[in-house]
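Please read the structure below before turning to the comments.
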Amino acid sequence: MAAPDDSPKGSERKVWAGTTLEERRAERRRNLMEAALSLIGDEGCTAVTVRSVCRKAGLTDRYFYENFNGRDDLVVTTFDEVAVEALTLLRDSISSLPDDSLETRARTIVNAFLSFAIDDPRKGRLLLVEPLAEKALTGVGVTFGPTITKLMRAQFPAGTDRPSRTSRAMTALGLTGSLGALFSAWLAGTLRVTRDELTDHCVILILNSYAPRRPTS
């Protein structure tokens, strides 16, 4: 059976083998992003080129440019999709907690993210390791980082006075950076500890950061 012709002329055939033109385009887009993610997981973003992605996806560059403006657009789009998936997982994990204790929340956040990164190491590498070296991802933290910080800040005990809010904001920002550095080093293999050791350390770090502080005299 011949492949469908999705060019403007061939697009007059709305359905081919039970699929519409829109469905075929969406599938090709998914295949290209999956190919990019696989290359990133194996060798990093440097392995991602239009040619390498098309070869891995079994598509021509015509279909690549049907979906993306170029190689950098593909890398950023893939990052954004993985980031949304990670954030959704974290929010769902926290919202479903039956226990509101701080330690339970801390351990849930850490375990949820580590599970996300371990279940598919490609995604963990893309989120935490590649932005440190890939130019196309410079500045992606402008949206991803603050969202994580806001999520962390929401776990603090409520306060009403402005100094307390300011303190929580600064602590959440510092905590996000610290956890990100630990996760990045662990995923990159430069932090040689077990998952349990990493989890326990991160939970202690969170609990210490959230601990109420007495004002100095």
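Per the UniProt record's numbering, residue 1 is the first one in the sequence shown, and the count goes up by one each step. The beta carbon of each residue, even a glycine, is placed where N, CA and C say it ideally should be. Everything numeric in this text was worked out from a predicted model, so none of it was measured.
- Classified as buried, VAL48 has 16 or more neighbouring CB atoms from the shown chains inside 10 Å of its CB.
- Shown here, THR108 sits in a helix according to DSSP, grouped into three states.
- Residue range 50-57 is occupied by the alpha helix (DSSP H) that includes LYS56.
- By the Cβ test, the stretch 89-96 is not in contact with the stretch 120-128, since fewer than three Cβ pairs between them sit closer than 8 Å.
- Between PHE68 and THR77, the beta carbon gap of about 7 Å places them in contact (Cβ cut-off 8 Å).
- For the 9 Å CB-CB criterion, VAL75 and CYS45 form a contact.
- Assignment of THR46 by DSSP, reduced to helix, strand and coil, places it in the helix class.
- Across the structure, LEU102 and SER167 are spaced so that their CA atoms are roughly 18 Å apart.
- Residue ILE109 holds the alpha-carbon nearest to the alpha-carbon of LEU205 among ILE109, PHE79 and ARG51.
- Secondary structure at THR138: coil, using DSSP grouped into helix, strand and coil.
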